[in-house]
Amino acid sequence: MKLGAQLYTIREKCKDTESLNESLGKIAAIGYKYIQLSGFPYDPAAVRARADELGLSIILTHSPADRIVNDTDKLIEEHILMGCPNIGIGGFWGDHTPEGARKFLADFRPAMEKMAAKGLKFQYHNHAFEFERFDGVTLFDILKNESDPELMGFTLDTYWVQYGGVCVTELIKSLKGRINVFHFKDMIMVPEGQHYAPVGEGNLSWNTIVPAFEEIGAEYGFVEQDDSYGRDVFDCMKSSHDFLRSNFKLD
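Shown next, in the form of structure tokens:
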């Protein structure tokens, strides 16, 4: 598998072109080769040029829902320009019910079809709400079982699966063929409750999780930490990178 950086982690360091270029340099210097764009504005041509300069490949984005549905063609053009094969969304919002999940799938299917026609893949990122049960069926079950595997994959987020009370490893194994990109995200307990943590500094069982991703053929894992709680974000990204590279065979 290949190890990447989800740049949402460093979003506060990417407020403009200058700071984004500097931050990309720091990410490359840590040793990351693959990136996900999320959480800040960017010019597709400029970010592709800087990524190429640093030897970084743009693999995935999280794009606004409105653009995915209503500006699909332009969004596809931008991803092709960036050499980015995956267009992601951070979740479906609003009506977190079975009806809401089915409406999401119906509303986004035309965009998914356009992406597939151009060789791109739509990727859905989970949080914890998808694991709420309705008569024994979770919203995640609906998203999985009522979507077309050829059109929609899952950017599985390990932290939110754990938060949702689901066995991370078993869920991974049930999604063979549906996960090509995923998020390495750790969880630690503190007096205030669950906190994000650099990978390897929390409580998730990476010795079983990583082999499960390998077993199902997942290709890219992106390190993500939504909040560093005052710690330097690049230090957190380096800690995660070093732990994963030291303990697992990752490119």
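Sequential numbering from 0 applies to the sequence shown in numbering that gives the first Met the number 0. Think of the CB as a built atom: it goes at the ideal place given N, C-alpha and C, for glycine as much as any other residue.
For residue 244 and residue 0, the rounded distance between their alpha carbons:
Whole-angstrom Cα-Cα distance: 11 Å.
Could you tell me which of 203, 131, 134, 92 sits nearest to residue 123, measuring between CA atoms?
Ranking the options by Cα distance to residue 123, first place goes to 92.
Between residue 178 and residue 217, is the Cβ-Cβ spacing less than 8 Å?
With contacts defined as CB atoms closer than 8 Å, residue 178 and residue 217 qualify as a contacting pair.
Relative to the C-alpha of residue 81, which residue among 57, 40, 132 is closest?
Of 57, 40, 132, the residue nearest in Cα terms is 57.
With distances taken between CB atoms, is the gap from residue 96 to residue 78 smaller than 8 Å?
No, the Cβ-Cβ distance between residue 96 and residue 78 is not below 8 Å.
Could you tell me the distance, in whole angstroms, from the CA atom of residue 204 to the CA atom of residue 212?
One alpha carbon belongs to residue 204, the other to residue 212, and they sit about 13 Å apart.
Take the Cβ of residue 173 as the centre, count every other Cβ of all protein chains shown within 10 Å, and call the residue buried at 16 or more, exposed below.
Exposed.
Taking 7 Å as the limit between beta carbons, can you name the residues of its chain near residue 37, skipping five residues before and five after?
Beyond the five residues adjoining it in sequence on each side, residue 37 comes within less than 7 Å, by CB distance, of 5, 6, 7, 60, 61 in the same chain, given in chain order.
Closest Cα partner of residue 47 within the set 19, 68, 72
When C-alpha distances from residue 47 are compared across 19, 68, 72, the shortest belongs to 19.
One or two residues paired with residue 186 in a DSSP bridge
For residue 186, the pairing in a beta bridge is given by DSSP as 195.
Using the three-state DSSP reduction, which class does residue 178 fall into: helix, strand or coil?
Collapsing the DSSP output to three states places residue 178 in coil.
Would the segment 138-146 and the segment 185-198 be scored as touching if the rule is three or more Cβ pairs under 8 Å?
With the cut-off at 8 Å, the segment 138-146 and the segment 185-198 do not touch.
6 Å CB neighbourhood of residue 225 in its chain, flanking five on each side removed:
Apart from the 5 residues on each side of it in sequence, residue 225 sits with its Cβ closer than 6 Å to the Cβ of 195 in its chain, given in chain order.
Please classify residue 1: does DSSP put it in a helix, a strand, or coil?
Strand, per DSSP.
Cβ-based neighbour list, residue 163, same chain, cut-off 6 Å, excluding 5 preceding and 5 following:
Cβ neighbours of residue 163 beyond the five flanking positions: 127, 130.
If residue 220 and residue 2 are in contact, beta carbons under 8 Å, what's the gap, nearest whole angstrom?
The beta carbons of residue 220 and residue 2 sit about 6 Å from each other, so the pair counts as a contact at 8 Å.
For residue 231, tell me which candidate among 17, 22, 189, 153 has the shortest Cα-Cα distance.
Nearest to residue 231 by C-alpha distance, out of 17, 22, 189, 153, is 22.
Close Cβ partners of residue 249 (< 8 Å) along its chain, the five nearest in sequence each way excluded
Within the same chain, residue 249 has close Cβ partners 0, 1, 2, 220, 243.
Kindly indicate which residue of 72, 26, 76, 66 has the alpha-carbon position closest to the one of residue 89.
Nearest to residue 89 by C-alpha distance, out of 72, 26, 76, 66, is 66.
Straight-line CA distance for residue 135 to residue 200?
About 34 Å.
Which residues mark the beginning and the end of the beta strand (DSSP E) in which residue 227 is found?
First-last for residue 227: undefined, no H or E at that position.
Could you pull the start and end residues of the alpha helix (DSSP H) that residue 19 belongs to?
Note, residue 19: alpha helix (DSSP H), 16-29.
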